[in-house]
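Sequence positions in the sequence shown follow the numbering used here and run 1175 to 1431. Below is one structure, written out as structure tokens; comments come after it.
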Amino acid sequence: MSRIASAFASAREENRAAVIPYLTAGYPDPERYLQISREMLEQADLLEIGLPYSDPLGDGPTIQSSGDAALKKGIFTAQVIELVRELRQSTDKPLLLMTYINPVIAYGSQRFFANFAAAGLDGVILPDLPPDEDPELVKEARAAGLDTVFLLAPTSTDERIKTVTSYISGFVYTVSVTGVTGARDQLPDLGPLVERIRRYTDKPVAIGFGISGAETARQAARVADGVVVGSALIREIQAGRNPAALLAEIRAAARVE
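See the structure below:
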């Protein structure tokens, strides 16, 4: 069983959804990033690492600003590989990279996947790649030993769900809204979407885009296997607060009653 599958299984045994924080690699600076990530991993089941990118079309202003700050500090692909390597030395929990496809291609896809896998990465989330548009690239990631994760949305048709899930080996990343990332006060009813996804795959389903705190985490945990939170944690960092405290609240709220 992979680290990713094991993490979801362990959370399920504890009657809760898996908790998946997102942090932009190297933000606010490499040293603080490593410190915050290690604190997050005490509460998290998996960690999503965002590769800073100049044109993050799926990210809202909070994550965009953290990516811009990281890029200005020189955090590019090579530096993120080293951050993954350092994190792996202090945890056995799953580490996933969220990256847009351009950095993968610019670096060289086979080298990209191989170098990240060697550093200790478990999987890649590719939000802007329709997997059926480049099956060979998906095969390259798998050949390097990385699980692949793709996104589905409330607008996804059954045909699209069937197609996309056939390329997923980690978990299904379900976005709560047809928009960009960002904390929200309420989530729409995602139960019907999750039910449709489960007709086509037995992989865990995680909900992201909109988890802001305990209440939205509770809503997501009622229907899904995992909750992804990013913007709300980065806002805590920007405000000079410890995001681990918010993540602890989210973990407690993710318990299935």
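Each residue gets a CB set at the ideal place from its N, CA and C atoms; glycine is no exception.
(message) The alpha helix (DSSP H) that contains L1231, what's its start and end?
(response) That residue, L1231, is in no alpha helix (DSSP H); it is neither H nor E in DSSP.
(message) Buried or exposed, going by whether 16 or more other CB atoms sit within 10 Å of the CB of P1235?
(response) exposed
(request) Run the CB neighbour count on P1195, radius 10 Å, all protein chains shown included, and call it buried at 16 or more, exposed below. (result) buried
(message) Quick check: V1298 and L1325, are their CB atoms within less than 8 Å of each other?
(response) no
(message) In the DSSP assignment, the beta strand (DSSP E) including Y1347 goes from what residue to what residue?
(response) V1346 to V1349
(request) Taking only the alpha-carbon atoms, compute the straight-line gap between L1245 and E1256 and give it to the nearest angstrom. (result) 15 Å
(message) Contact between the stretch 1311-1319 and the stretch 1363-1374 is defined here as three or more beta-carbon pairs at a separation below 8 Å; is this criterion met?
(response) no
(message) Suppose contacts are defined by Cβ-Cβ distances below 8 Å. Is L1220 in contact with I1249 by that definition?
(response) no
(request) Would you mind giving the Cβ-Cβ distance between Y1201 and S1240, rounded to the nearest angstrom? I have them listed as a contact below 8 Å. (result) 4 Å
(request) Excluding the 5 residues preceding and the 5 following L1215 in the sequence, name in chain order all residues of the same chain whose CB lies nearer than 7 Å to its CB. (result) L1221, T1265 and K1267
(message) So the candidates are P1301, A1293, Q1263 and F1345; which of them puts its Cα closest to the Cα of N1276?
(response) P1301
(message) Is the beta carbon of G1404 closer than 8 Å to that of I1237?
(response) yes
(message) Per DSSP, what are the beta-bridge partners of M1272 in this structure?
(response) G1224 and I1299
(request) Quick one: grab the DSSP three-state call for T1331. (result) coil
(request) Report buried or exposed for R1285, applying the criterion of at least 16 other Cβ atoms within 10 angstroms of its Cβ. (result) exposed
(message) Counting C-beta neighbours from all protein chains within 10 Å, is the total for Q1393 16 or more, i.e. buried, or is it exposed?
(response) buried
(request) Assign I1210 to one of two classes, buried (16 or more other C-beta atoms within 10 Å of its C-beta) or exposed (fewer than that). (result) buried
(request) With DSSP as the reference, label V1254 as helix, strand or coil. (result) helix
(request) Return the first residue and the last residue of the beta strand (DSSP E) that Y1196 is part of. (result) A1192 to T1198
(message) Whole angstroms are fine: how far does the CA of Q1253 sit from the CA of L1407?
(response) 22 Å
(message) Taking the straight line between their C-alpha atoms, what separation do you get for V1354 and A1427?
(response) Residue placement at V1354 is poorly supported in this model, since its pLDDT is 41, which falls under 50; the coordinates still yield a value, given next. Taking the straight line from one Cα to the other gives about 24 Å.
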